[in-house]
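One structure is given below, encoded as structure tokens.
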Amino acid sequence: MDHQEREEELLSALNESQRKAVEYCAGPSLVIAGAGSGKTRVLTYKIAYLLEKGLKPWNILALTFTNKAAAEMRERVDRMIGGLGKDVWLSTFHSFCARFLRREIEAGEVYKKNFVIYDTSDSKTVIKACLKELNLDDKQFAPAKVQNAISNAKNLMLGPRAYARQADTFHAKKIAELFSLYDKKLRENNALDFDDLLLLAVDLLENNDELRKKYQQRFRYILIDEYQDTNGAQYRLTTLLAGGHHNLCVVGDADQSIYGWRGADISNILNFEKDFPEA
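Going by my numbering, the residue at position 61 of the sequence shown is 66; the numbering climbs one at a time, nothing skipped.
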């Protein structure tokens, strides 16, 4: 069976609108559909289609939100095209950033490649130590609430200094002090928290032209699942990586956003055509 026959066999399993979405590969595209309509199916078939078209697997980046969704997508791709897809970069946003930082973090001259990643519990322990050091009452400044404030700031791409500049109440100023000390302690321990993975990846790509061009050239096609759930940092990561080839396919449903509590910004999907005018 030649390439064209394999492509046709692949596409024959799709309905007309899914087929159109899969076949369109020249520039940005937005697929909006409701739950259960096969949005993820479009992404997996598109990966298989791109590989059949001759794109190298390591030139494809596919991002989603949960390990479960990433594993399911990987399994579907493998089922369709076997081992050909094993080198596709397919993972959650955070796993992608961790992989990127293991390779490139030393370009930022702050952290070493052997950095540790603090989970929620580790992070809370550091915050409690900061509260004690600054002699702040953990009832007035509950560790979980401080942790949430710092996480929200990072998802909005705010570091300690930027957060301090906008702090306009006594409570906010104290949170800014905690944020600064927390950040200092993480750096001293060569440690990143979950939100730092995105923040530092974006920071490196924004401020290092050589690195940004390297990854823009590497990823000739980018696919993102559940785009309505992206926050500020994830949106910025997407625009930076897609800034070279502009080959970006995002799928989502504006009525299905579930990560508002984690800084998801529904305007990312609503403004897609304005952000990527070739769409």
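Glycine included, every Cβ here is placed at the ideal spot set by N, Cα and C.
Please state whether DSSP places residue i in a helix, a strand or coil.
i, result
"TYR264", "Confidence in TYR264 is poor, its pLDDT being 49 and thus under 50, which makes the residue's placement unreliable; the coordinate value appears in the next sentence. Three-state DSSP puts TYR264 in coil, outside helix and strand."
"ALA167", "helix"
"THR69", "strand"
"GLY257", "strand"
"VAL47", "helix"
"VAL82", "helix"
"VAL151", "helix"
"ASP230", "coil"
"ALA284", "Note on ALA284: pLDDT 45, under 50, position unreliable in the model; no value is reported."
"ASP124", "coil"
"ASP198", "strand"
"GLN145", "coil"
"SER17", "coil"
"LEU35", "strand"
"LEU95", "strand"
"TYR187", "helix"
"ALA181", "helix"
"TYR116", "coil"
"HIS250", "coil"
Should residue i and residue j be called a contact, given that it needs their Cβ atoms to be closer than 8 Å?
i, j, result
"LEU48", "ALA31", "no"
"ASP200", "LYS159", "yes"
"ILE110", "LEU191", "no"
"GLY90", "PRO62", "yes"
"LEU106", "LEU242", "no"
"VAL131", "TYR187", "yes"
"ASP143", "LEU136", "yes"
"ASP258", "ALA38", "yes"
"PHE98", "PHE120", "no"
"ALA74", "SER96", "no"
"LYS129", "ASN195", "no"
Using the rule of at least 16 other Cβ atoms within 10 Å of the residue's Cβ for burial, across every protein chain shown, is residue i buried or exposed?
i, result
"TYR29", "exposed"
"LYS44", "buried"
"PHE101", "buried"
"TRP266", "Confidence at TRP266 is low in this model, with a pLDDT of 43, below 50, so its placement is unreliable and the value that follows should be read with caution. Looking at its Cβ environment, which holds fewer than 16 other Cβ atoms inside 10 Å, TRP266 is exposed."
"VAL82", "buried"
"GLU231", "buried"
"GLN233", "buried"
"PHE175", "exposed"
"SER34", "buried"
"ASN64", "buried"
"ASP198", "buried"
"SER17", "exposed"
"VAL115", "exposed"
"ALA149", "exposed"
"THR235", "buried"
On a Cα-Cα basis, can you pick out the residue from the options that is closest to residue i?
i, options, result
"ARG225", "ASN20, ASN194, GLY257, LYS58", "LYS58"
"LYS25", "GLN9, TYR54, ALA238, GLU10", "TYR54"
"LEU228", "ARG241, ALA247, LYS218", "ALA247"
"LEU183", "VAL151, ASP208, GLU193", "VAL151"
"GLN23", "PHE277, CYS254, ASP280, PHE281", "CYS254"
"LYS189", "ALA18, ALA149, GLU138, ARG223", "GLU138"
"ALA177", "GLN145, ILE122, LEU19, PHE120", "GLN145"
"LEU141", "ALA112, ASN153, ALA181", "ALA181"
"GLU3", "THR235, TYR240, TYR50", "For the chain, the structure presents residues 6 to 284; residue 3 sits outside this window and is missing."
I want to check one thing, is the minimum distance from the CB of residue i to the heavy atoms of the ligand SAM below 7 Å?
i, result
"LEU15", "In the structure on display, the ligand SAM does not appear, and there are no ligands present to speak of."
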